[in-house]
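In the UniProt record's numbering, the protein residues as written are 1 to 246.
C-beta: ideal position from N, C-alpha, C; glycine also.
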Ligand code: ADP
Ligand code: MG
């Protein structure tokens, strides 16, 4: 594997909804093993950018290149793409009638076509990584929000994606539950997972990110190491935004 090559490359990404332009030319490279945090005001296009990366939204223009493959190509197998790009949402969307183990096993069996035994082994390993193995038999309704989100992360990493996208993974959680989820994300980073994380947790972005991207009005206003974005922002809009969290 070429560690210097970007595993995810966003090139000239534009997105409009019925004449309303939301993304105005986004260029971003995520390299293997990096944790990139995306910050910015509500409505700046952060979720749209993430959703374009696995074509939950269709870009209006631009390229999304995953491990050297342009997923905008007409012949792209979207099912295969979505196994390579895991996504964790603000709402965990676990199936309430399935156990924790059943939730994590589902795509391993239905999408990746593993045998029951292999799916279970992979699901258990993923649950162990997020510290939820002892809750394998529990149902989502019996778990805290933080525990449910860790199961949501396990469901994503169990498929062994090349990159994981997180869209405000802690925004729906009570404050005391946020830390455990962020801790799991730090551990994933240490285990080598490549992650693109939209977050309002500025302390997390500052401490854990390799690079921070500040978006506003559908463009990347500034990107750089956390020390720059939080300590020495170069753009007035970045300065104003981070000042609100200082
Ligand atoms: P963020 O995640 O930074 O808050 P979003 O990507 O959710 O921003 O939204 C950016 C803009 O795109 C907003 O103005 C929003 O209203 C608009 N938007 C998002 N999704 C849709 C959609 N499905 N249809 C029309 N407009 C949308
Ligand atoms: Mg959003």
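Can you tell me which of 27, 50, 116, 72 puts its alpha carbon nearest to the alpha carbon of residue 86?
The option with the nearest alpha carbon to residue 86 is 50.
Check residue 15 in the structure and name its three-state DSSP category.
Strand at residue 15.
With distance defined between alpha-carbon atoms, name the residue in 170, 123, 26, 163 nearest to residue 105.
In terms of Cα proximity to residue 105, the closest of 170, 123, 26, 163 is 123.
I'd like to check one pair, residue 38 with residue 198: are the Cβ atoms closer than 7 angstroms?
In contact: residue 198 and residue 38 (Cβ atoms closer than 7 angstroms).
Whole-angstrom distance between residue 75 and residue 179, CA atom to CA atom:
C-alpha separation (whole angstroms): 41 angstroms.
Quick one: any contact between the segment 194-210 and the segment 44-60, if contact means 3 or more CB pairs under 8 angstroms?
A contact is defined here as three or more CB-CB pairs under 8 angstroms, and the segment 194-210 meets this definition with respect to the segment 44-60.
With distances taken between CB atoms, is the gap from residue 141 to residue 88 smaller than 7 angstroms?
The Cβ-Cβ distance between residue 141 and residue 88 does not fall below 7 angstroms.
Please report the Cβ distance between residue 174 and residue 40, rounded to the nearest whole angstrom; I am assuming they are in contact, meaning their Cβ atoms lie under 8 angstroms.
So it is not a contact: roughly 24 angstroms between Cβ atoms.
DSSP state of residue 156 mapped onto helix, strand, coil
Three-state result, residue 156: helix.
Environment of residue 116 [buried if 16+ CB atoms lie within 10 Å]:
Answer is exposed; the Cβ neighbour count stays below 16.
Taking all protein chains shown into account, do 16 or more other C-beta atoms lie within 10 angstroms of the C-beta of residue 165, making it buried, or fewer, making it exposed?
Per the 10 Å Cβ criterion, buried.
contact_flag[the segment 216-234, the segment 12-29] where n(CB pairs < 8 angstroms) is 3 or more
Of all C-beta pairs linking the segment 216-234 to the segment 12-29, three or more are shorter than 8 angstroms, placing the two stretches in contact.
Just the C-alpha distance for residue 13 and residue 36, rounded to the nearest angstrom, thanks.
Taking the straight line from one Cα to the other gives about 18 angstroms.
Going by beta carbon distance, what residues of the same chain come within less than 6 angstroms of residue 100, once the five residues before and after it are set aside?
Non-local beta-carbon contacts of residue 100 in its own chain, meaning distances under 6 angstroms to residues more than five positions away in sequence, involve 135, 136, 138, 151 in chain order.
Starting from residue 214 and walking both ways along the beta strand (DSSP E), at which residues does that stretch end?
Judged by DSSP secondary structure, residue 214 falls within the beta strand (DSSP E) whose first and last residues are 211-216.
Alpha carbon to alpha carbon, how far is residue 22 from residue 144?
Rounded to whole angstroms, residue 22 and residue 144 show a C-alpha spacing of 34 angstroms.
Do residue 203 and residue 212 have their C-beta atoms closer together than 7 angstroms?
Not a contact, by the Cβ cut-off of 7 angstroms.
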